[in-house]
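Report on the following structure.
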Amino acid sequence: MTKAFLLVWTFVLTLTCGTAPSSAAQENSLNADLDKIMQSFDGKKQSFNPHRPPPLGNVYDARGGTLIFFDNSNSTGKAPDLSGVFGKKSSNFIQNTLAKAKARLLGGTDRSAPARPETFSRRLKQADVPDTTVYANGPKMMTLQYDGAKTVAVIPPDTYVEVPFVRHIPYFFSKIEILANDAVSVTETIQRVVDPNETGITGIDRYFAKYHTDRSGKKHRTDITVLDAAIDGTPVNAVLKPDETGVRLALHGDSPLTAGVHVFTVSYLFADKIAEFENSSGDSQNFKELIWNVTGQHWDMPVTRAGATVIYPRGAKVFSRSALTGNMLNPQSDVKIKRDSENDTAFILNYPLAPYEGMIIVTNWSETDNAPVYNAVWDKLLREHGTAWMSFLAFLFVCSYYLATWTSLKKNQIADGKQSSSLKKDDLNPAVLHYALHKQTVPKTLFILLTDMAGKGFLSFEEDGEKLILVKQTDSVKALTSLEKAIAKKLFSGDSTVFKLTSANVLKLTRLLEFVDKKVKREYKSKFIAFHQTYFWFGILMAGMSLTAVASLSLFPVETGTTALICVVCFVPLYFAGNRLLVLFRQGAFSEHRRAVIFPALLALTFLAALTRGLRFYGIETTPATVLWFAATLICIAAFYTLLQSPSVLGKSLLENLEGYKIYLSAQDDTLLSTMRNADRKIKALYSKHLPFAAALDVDKLWTKRFAAFDGGQANLTPDWYKGKLPYDENFIDNLFTAFSSVFPAPKQTAKRKRIHNSD
42 MTKAFLLVWT FVLTLTCGTA PSSAAQENSL NADLDKIMQS FDGKKQSFNP HRPPPLGNVY
102 DARGGTLIFF DNSNSTGKAP DLSGVFGKKS SNFIQNTLAK AKARLLGGTD RSAPARPETF
162 SRRLKQADVP DTTVYANGPK MMTLQYDGAK TVAVIPPDTY VEVPFVRHIP YFFSKIEILA
222 NDAVSVTETI QRVVDPNETG ITGIDRYFAK YHTDRSGKKH RTDITVLDAA IDGTPVNAVL
282 KPDETGVRLA LHGDSPLTAG VHVFTVSYLF ADKIAEFENS SGDSQNFKEL IWNVTGQHWD
342 MPVTRAGATV IYPRGAKVFS RSALTGNMLN PQSDVKIKRD SENDTAFILN YPLAPYEGMI
402 IVTNWSETDN APVYNAVWDK LLREHGTAWM SFLAFLFVCS YYLATWTSLK KNQIADGKQS
462 SSLKKDDLNP AVLHYALHKQ TVPKTLFILL TDMAGKGFLS FEEDGEKLIL VKQTDSVKAL
522 TSLEKAIAKK LFSGDSTVFK LTSANVLKLT RLLEFVDKKV KREYKSKFIA FHQTYFWFGI
582 LMAGMSLTAV ASLSLFPVET GTTALICVVC FVPLYFAGNR LLVLFRQGAF SEHRRAVIFP
642 ALLALTFLAA LTRGLRFYGI ETTPATVLWF AATLICIAAF YTLLQSPSVL GKSLLENLEG
702 YKIYLSAQDD TLLSTMRNAD RKIKALYSKH LPFAAALDVD KLWTKRFAAF DGGQANLTPD
762 WYKGKLPYDE NFIDNLFTAF SSVFPAPKQT AKRKRIHNSD
């Protein structure tokens, strides 16, 4: 009986891991050792004993899944005729295995219940002994009793096995070599059956967790270097891609794969995968441990055969070897473990894996001849936290640079003792002055421009019944500013000389106010604000260089750099849209002009969602700390974009002379007017010249009161550009503006807007 048992497992080893060089003639079964190890999986026991593997929760990456195995009900096709080509051996081994797997995972609904519960464990139930008919020299063939379509998979070195022609993995073999620098060299051979109904399949994807955890709970960041890859013997470029679950190794060809069995091979290095601990059992000074998910638990298809060979460093003393299969919800140990005379170990799956199940191996050993590893600490630091540190240094440098620049500019501006340049003609636009003081464009802004145009003799305010109209007085526009010329063209198009301020023209007036808003803001920024672009763009250059450095330290340089660029592109319009919403909020537009809020709000929400998604993927490609400092850098740049805007020379001149000019307009001294007595025309011209600026400074009432008091209520100084019934007194401009603004939709007045609109 013992000889038959050994013969069975010798056959299984030859069938599934024939290429493993570690298999030797003299082998020792580790079933007893495995039983002892599996019983020690207790999460409450925390020790560093090499004979006690880590808790099960530290080993499994739990993922659920349901197996739909090879069902014959909808199968069509015939078995391929390979007679005369290969030597054959009839065996029900595969068929029996599939039947047992189906019973385990589907509850055995298609067969009667056994006399007693069946235990699917190779340690408790002996496998079926295959036919021992002697093969002829050459390739061997194993047939499958399956009434559906079948194809042939090649199991190294020379065995051909019939497998169902359905989507699954008939063979998964991994050669794992433990290097002296605590890295792992892995070569995987994966056979994948492409179903005839599948289209557009160009390859497979191998997934790895972003972090792996050792038995002490310490996390290590995944670092993979792909060496080479091939599909059906043809070299391909295997690419590492970021994924929500970690790292995706994409092994794809240029064209779709045909139906049949395809062989994928890939070799890669896995750095910092070996954990080292002090040995509490006293067998040696310390020991190293490897926890390796051979197949991964991401496959959404069955894996019927899997194996792995672990090659230890020279002189290694192996303490224990164990393996797990299934997943966290259904843990199993359906693995045969064998070792050769050199202590190299073979792990052989003896039970198929359902979708989202995997095979995990755990082994530990001590080394008598440790190879020196140079810069291992720094390499690990860069691998684990390089992107976060680089992002933090970038934030620190950019923020410090902008702060020092802003402080220096502010000190120099205060300490500047040079005399500001005098104001020139057209430098002081009353509408721009009003915007500089109130930071908003309202109907009064347009009214100020119209009174300025009236004072220059271009138009007049007249009353037509109960309505106010604007009448064009001349075609000459030489005295008008560029903005006033544009307003004149929009008001009096063609040969028109009259514009009625009625509800019929409210849409035209609203659009005109929007046009004035854009022009006034542009003129304000160009004349009164100096933006230190050189300093700002130098900080942007440094931030860009830091993003490049972060991308180079990432496992996905191209993807990380692209994602960072996308985040920047989304942040720029988000900043301006948010700034616009802030201005509208201060103006009370959220309660008065809700339609004006819709577009910037939608724009801000759109780019905020895009930025959030971009930062999420940036965190997948790097680390959460990297995202934090990257976002802080963006906010820092946005803040200093505003702070680095300071008053220009013209703006300083305006601020220095503004207070004196306001005192002059508010004064009630009529000495100047007395010298101009009997010169009503000159007095009217003086009044009309300064009236727009008085309105911009909110002293138009005081300015009018001065002239009305000098007139003595006789209406001799009523401006020539007004023809109507309004009395010329201190409330003249207020009443005229009320008549003008009545055509606009009445806003819900807030206390703040009342302070802005109503002059003192």
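Position one of the sequence shown corresponds to residue 42 (my numbering), numbered consecutively onward.
Positions of the beta carbon are idealized from the N, C-alpha and C atoms, including for glycine.
Looking at C-alpha atoms only, which residue of LYS730, ARG208, PHE751 is the closest neighbour of PRO471?
As a first step, residue 471 is located in the sequence shown; it is residue number 430 there, counting from the start. Checking every option, the nearest Cα to that of PRO471 belongs to LYS730.
For a quick check, are the C-beta atoms of VAL561 and THR492 less than 7 angstroms apart?
As a first step, residue 561 must be located in the sequence shown, where it is residue number 520. As a first step, residue 492 must be located in the sequence shown, where it is residue number 451. With a cutoff of 7 angstroms on beta-carbon distance, VAL561 and THR492 are scored as not near each other.
Looking at LEU542 and LEU840, is the spacing between their C-beta atoms short of 7 angstroms?
Only positions 42 to 801 of the chain appear in this structure, which leaves residue 840 out of reach.
Within 7 angstroms, strictly: CB atoms of ALA221 and PRO354
For the purposes of this step, residue 221 is taken as residue 180 along the sequence shown, with counting starting at 1. For the purposes of this step, residue 354 is taken as residue 313 along the sequence shown, with counting starting at 1. Yes. Within cutoff.
HIS253 versus ARG262 - alpha carbon distance:
Here residue 253 refers to the residue found at position 212 of the sequence shown. Here residue 262 refers to the residue found at position 221 of the sequence shown. Rounded to the nearest angstrom, the two C-alpha atoms are 7 angstroms apart.
Three-state secondary structure (DSSP) at TRP333?
The count along the sequence shown starts at 1 and reaches residue 333 at position 292. Secondary structure of TRP333 (DSSP, three-state): strand.
Cα-Cα separation between ILE196 and THR366, rounded to whole angstroms:
Here residue 196 refers to the residue found at position 155 of the sequence shown. Here residue 366 refers to the residue found at position 325 of the sequence shown. Looking at the backbone, the Cα of ILE196 and that of THR366 are separated by about 21 angstroms.
Would you mind reading off the limits of the alpha helix (DSSP H) that contains HIS731?
Locating residue 731 in the sequence shown gives position 690, counting from the first residue. First-last of the alpha helix (DSSP H) with HIS731: 721-737.
Give me the DSSP bridge partner(s) of ASP246.
The residue you call residue 246 lines up with position 205 of the sequence shown. ALA291.
With a threshold of 16 other CB atoms inside 10 Å of the CB of VAL547, please say whether the residue is buried or exposed.
The count along the sequence shown starts at 1 and reaches residue 547 at position 506. A residue is called buried when at least 16 other Cβ atoms come within 10 angstroms of its Cβ; VAL547 does not meet this threshold and is exposed.
Using only alpha-carbon positions, find the residue among ALA349, THR446, VAL359 that is nearest to MET400.
The count along the sequence shown starts at 1 and reaches residue 400 at position 359. With distances taken between Cα atoms, MET400 lies closest to ALA349.
Whole-angstrom C-beta distance between VAL557 and LEU625, which should lie under 8 angstroms
On the sequence shown, position 584 is the one that residue 625 refers to. On the sequence shown, position 516 is the one that residue 557 refers to. Cβ-Cβ separation between LEU625 and VAL557: approximately 17 angstroms, too far for a contact (criterion under 8 angstroms).
How should VAL539 be labelled, buried or exposed, when 16 other C-beta atoms within 10 angstroms of its C-beta is the threshold for buried?
Position 498 of the sequence shown, counted from the first residue, corresponds to residue 539. Taking a 10 Å sphere around the C-beta of VAL539, we find fewer than 16 other C-beta atoms and assign the residue as exposed.
What residue from MET182, ASN391, ALA529 has the CA that sits closest to LYS549's CA?
Position 508 of the sequence shown, counted from the first residue, corresponds to residue 549. Selected option, being the one with the closest Cα: ALA529.
Segments of 3+ residues assigned as beta strand (DSSP E) that fall wholly inside the region 649-724:
DSSP runs (the beta strand (DSSP E)) wholly in the region 649-724: 686-688.
With 16 other Cβ atoms within 10 Å as the buried cut-off, status of ALA279
In the sequence shown, counting from the first residue as 1, residue 279 sits at position 238. The residue is buried, with at least 16 neighbouring Cβ atoms inside 10 Å.
Would you report the Cα separation of ILE678 and TYR576, rounded to the nearest angstrom?
Looking up residue 678 in the sequence shown gives position 637. Looking up residue 576 in the sequence shown gives position 535. Taking the Cα positions, ILE678 is about 12 angstroms away from TYR576.
Distance, Cα to Cα, VAL304 vs LEU390?
On the sequence shown, residue 304 is found 263 positions in, with the first residue counted as 1. On the sequence shown, residue 390 is found 349 positions in, with the first residue counted as 1. Distance between the alpha carbons of VAL304 and LEU390: 19 angstroms.
Between the beta-carbon of TRP670 and the beta-carbon of PHE433, is there less than 7 angstroms?
In the sequence shown, residue 670 corresponds to position 629, counting from 1. In the sequence shown, residue 433 corresponds to position 392, counting from 1. Here TRP670 is near PHE433, since their CB atoms are less than 7 angstroms apart.
Enumerate in chain order the residues of its own chain whose CB-to-CB distance from ALA477 is below 7 angstroms, with the five nearest sequence positions on each side excluded.
Here residue 477 corresponds to residue number 436 of the sequence shown, with the count starting at 1. Answer for ALA477: TYR565, PHE569, listed in chain order.
Report the three-state DSSP secondary structure of THR55 (helix, strand or coil).
Residue mapping note: residue 55 aligns to position 14 of the sequence shown, counting from 1. Confidence is the limiting factor: at THR55 the pLDDT is only 41, short of 50, which leaves the residue's position unreliable, though a coordinate-based value still follows. The three-state reading of DSSP puts THR55 in helix, counting H, G and I together.
As assigned by DSSP and simplified to three states, the class of TRP406:
By one-based count along the sequence shown, residue 406 stands at place 365. Under the three-state reduction of DSSP output, TRP406 falls in the strand class.
Using only alpha-carbon positions, find the residue among SER517, VAL518, LYS513 that is nearest to LEU532.
The count along the sequence shown starts at 1 and reaches residue 532 at position 491. By alpha-carbon distance to LEU532, the top candidate from SER517, VAL518, LYS513 is LYS513.
Every unbroken alpha helix (DSSP H) inside the region 465-529 [4 residues or more]:
Counting only runs of 4 or more, we get 471-479, 484-496.
Helix, strand or coil for ASP761, going by three-state DSSP, please let me know.
Translated into the one-based positions of the sequence shown, residue 761 becomes position 720. In this structure, ASP761 counts as coil in the three-state DSSP scheme.
Unbroken stretches of the beta strand (DSSP E), 3 residues or longer, contained in the region 522-607:
Along the length of the region 522-607, whole beta strand (DSSP E) runs at least 3 residues long occupy 539-541, 570-572, reported in chain order.
Boundaries (first-last residue) of the beta strand (DSSP E) holding ILE315:
For the purposes of this step, residue 315 is identified with residue 274 of the sequence shown, where counting begins at 1. Here ILE315 belongs to no beta strand (DSSP E), and DSSP marks it neither H nor E.
If contacts are defined as beta-carbon pairs under 8 angstroms, then ALA13 and GLY602 qualify, I think. What distance do you get, rounded to the angstrom?
Any question about residue 13 goes unanswered here, given that the chain covers just 42 to 801.
Could you spell out the range, first to last residue, of the alpha helix (DSSP H) harbouring ALA749?
In the sequence shown, residue 749 corresponds to position 708, counting from 1. 741-752 is the span of the alpha helix (DSSP H), which, as asked, contains ALA749.
Pick out the complete alpha helix (DSSP H) segments inside the region 415-442, 4 residues or longer, and give them in chain order.
Within the region 415-442, no complete alpha helix (DSSP H) run reaches 4 residues.
Report the option in LEU268, PRO283, PHE579 whose CA atom is closest to the CA atom of PRO3.
There is simply no residue 3 to check, as the chain begins at 42 and stops at 801 in what is shown.
Within its chain, find whatever has a CB closer than 6 angstroms to the CB of LYS216; leave out the 5 residues flanking it on each side and keep chain order.
Residue mapping note: residue 216 aligns to position 175 of the sequence shown, counting from 1. For LYS216, where only same-chain residues beyond five positions count, the Cβ hits under 6 angstroms are THR228, THR350.
Can you pull the DSSP bridge partners for GLU229?
In the sequence shown, counting from the first residue as 1, residue 229 sits at position 188. Bridge partners of GLU229: SER215, VAL307.
Anticipated Cβ contact below 8 angstroms, PRO484 with PHE785, distance rounded
Taking the first residue of the sequence shown as position 1, residue 484 is located at position 443. Taking the first residue of the sequence shown as position 1, residue 785 is located at position 744. Taking C-beta atoms under 8 angstroms as the contact rule, PRO484 and PHE785 qualify, at a distance of about 5 angstroms.
Alpha carbon of MET583 to alpha carbon of TYR443, nearest angstrom
Within the sequence shown, the letter at position 542 stands for residue 583. Within the sequence shown, the letter at position 402 stands for residue 443. Taking the Cα positions, MET583 is about 11 angstroms away from TYR443.
Just to confirm, are PHE748 and TYR728 a CB contact at a threshold of 7 angstroms?
Your numbering for residue 748 matches position 707 in the sequence shown. Your numbering for residue 728 matches position 687 in the sequence shown. In contact: PHE748 and TYR728 (Cβ atoms closer than 7 angstroms).
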